[in-house]
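Residue numbers (my numbering): 420 to 506. A short worksheet on the structure shown next.
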């Protein structure tokens, strides 16, 4: 999948997913896109609570995960004497 710029969500339905803890409730369902699966069950490859754990699980091949698409054009933040500001 990494060679594709974009994949159809339906093509991911049978892939194992890296999921958040069950205690995260609605957020777990949101990031597993349970409402978008037309009744197809989620296959959880592993559970990870922290972002670095999720990335590590993906890199180690335990599953895939959905992520927000970055905006087409973004402004990097730069340091200023008073803190961070959009440039």
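A virtual CB, placed ideally from N, CA and C, is assigned to each residue, including glycine. Predicted model only: the values in this text are computed from it and were never measured.
DSSP-derived helix/strand/coil call for residue i
{"i": "residue 438", "result": "strand"}
{"i": "residue 502", "result": "Model confidence at residue 502 stands at a pLDDT of 49, short of 50, so the residue's coordinates are unreliable; what they give is reported in the following sentence. The answer is strand: DSSP assigns residue 502 an E or B state."}
{"i": "residue 464", "result": "strand"}
Residue environment, residue i, which counts as buried when at least 16 other CB atoms sit within 10 Å
{"i": "residue 426", "result": "exposed"}
{"i": "residue 445", "result": "exposed"}
Beta-carbon spacing of residue i, residue j below 7 Å
{"i": "residue 466", "j": "residue 434", "result": "no"}
{"i": "residue 438", "j": "residue 447", "result": "yes"}
{"i": "residue 464", "j": "residue 481", "result": "yes"}
Span separating the alpha-carbon of residue i from that of residue j
{"i": "residue 457", "j": "residue 451", "result": "13 Å"}
{"i": "residue 479", "j": "residue 436", "result": "12 Å"}
{"i": "residue 486", "j": "residue 441", "result": "19 Å"}
Interface flag, residue i vs chain D, CB-CB below 7 Å
{"i": "residue 435", "result": "Judged by its chain identifiers, the structure shown contains no chain D, having just a single protein chain."}
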